[in-house]
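Position 175 of the sequence shown, counting from 1, maps to 194 under our numbering, and the rest follow consecutively.
Beta carbons are placed, not taken as given, at the ideal position from N, Cα and C, and that holds for glycine.
Given the structure is predicted, the values throughout are model-derived calculations rather than measurements.
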Amino acid sequence: MLTLINPQEQRDSKQKIETLLNLFKIYQRVDLPITVQKKATFVMAENEEYGVYGGAIIYSKKVKLLYEKVANILLKFTPELEEVWCLKLCFSIKPKEGYLTLDILDLYETFYQNLHKLLNDWGQRNQIKFLVLSLGYKEYCDTKIYGRWPYLLEISPMEASDHQFHGLLVLNTKKKQIYAPKIEGYDPDISCSHPANDQKPIKRTVQ
């Protein structure tokens, strides 16, 4: 089950958010500043067997602080853009003894596919057409293999100086799916309709 928690609801889910943040520290080496956490939207993934086993963090970031190639592309086509929405994700369940069971495989697919659906719904409500992602190589591959996430821009870990994947995830792609391995251009329709500090999200649960 995935649950979306907006900034105003963080107090009611404080313990679960702390658990998720600890998972990010352990598995992703991600430790966002407190000021960023307070304004972030959290996606909680949990079930009866594992409890909180992963999720995502949606937060705003200055364009000038993004990975250089991503920032340059965004500023080339939307020079007035100052902030964008970014996404970090974490899936902490690992196959026992290196073997991927059918149950774990189903959990992988459910997590990534439902997360993409939830992000699409969030983007539609807030008129956000893309998210900026920085992921490890495994997480990037998992989004493609298990979730078939449509990226408009992909900079592979082999190309990036920090050995991370950097890209733009397209939201609301019902009519037009983009699965190209790397696109050097830019879609002019991708600019934010609302600035990153103008979010009024709603708590949603996806089974």
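{"Check": "Nearest-angstrom Cα separation, counted from Lys107 out to Gln196", "Outcome": "Its pLDDT being 40, under 50, Gln196 is placed unreliably by the model, and the measurement read from it follows with that caveat. Those two C-alpha atoms are separated by around 22 Å."}
{"Check": "Given 8 Å, three or more beta-carbon pairs between the region 97 to 111 and the region 76 to 86", "Outcome": "yes"}
{"Check": "First through last residue of the beta strand (DSSP E) which encompasses Tyr170", "Outcome": "Tyr170 to Ile174"}
{"Check": "For Leu119, the three-state DSSP class (helix, strand or coil)", "Outcome": "coil"}
{"Check": "Supposed close pair Phe110, Asp50 - CB separation, criterion 8 Å", "Outcome": "Their Cβ separation, rounded to whole angstroms, is 18 Å, which puts Phe110 and Asp50 out of contact at 8 Å."}
{"Check": "Strand pairing of Glu102, partner residues [DSSP]", "Outcome": "Lys81"}
{"Check": "Ser180 burial status per 10 Å Cβ neighbour count (16 or more: buried)", "Outcome": "exposed"}
{"Check": "Those residues which DSSP pairs with Lys107 across a bridge", "Outcome": "Ile76"}
{"Check": "Gly70 vs Ala64 beta-carbon contact at 7 Å", "Outcome": "no"}
{"Check": "Secondary structure of Asn191, DSSP reduced to three states", "Outcome": "coil"}
{"Check": "Residues of its chain near Gly186, where Cβ-Cβ distance is below 6 Å and the 5 sequence neighbours each way are ignored", "Outcome": "Leu152, Tyr170, Leu172 and Glu173"}
{"Check": "Three-state class that DSSP yields for His182 in the structure shown", "Outcome": "coil"}
{"Check": "Euclidean distance between Cα positions of Gln132 and Tyr165", "Outcome": "7 Å"}
{"Check": "Cβ-based neighbour list, Pro114, same chain, cut-off 6 Å, excluding 5 preceding and 5 following", "Outcome": "Ile123"}
{"Check": "DSSP bridge partner residues for Met63 (one or two, in chain order)", "Outcome": "Thr22 and Gly74"}
{"Check": "Inter-residue Cα distance where the pair is Asn25 and Glu178", "Outcome": "34 Å"}
{"Check": "Delimiting residues of the alpha helix (DSSP H) encompassing Leu42", "Outcome": "Lys33 to Leu42"}
{"Check": "Nearest to Trp168 (by Cα), restricted to the options Asn191, Gln146 and Gln183", "Outcome": "Asn191"}
{"Check": "Own chain, CB closer than 6 Å to Lys58, minus 5 neighbours either side, in chain order", "Outcome": "Pro26"}
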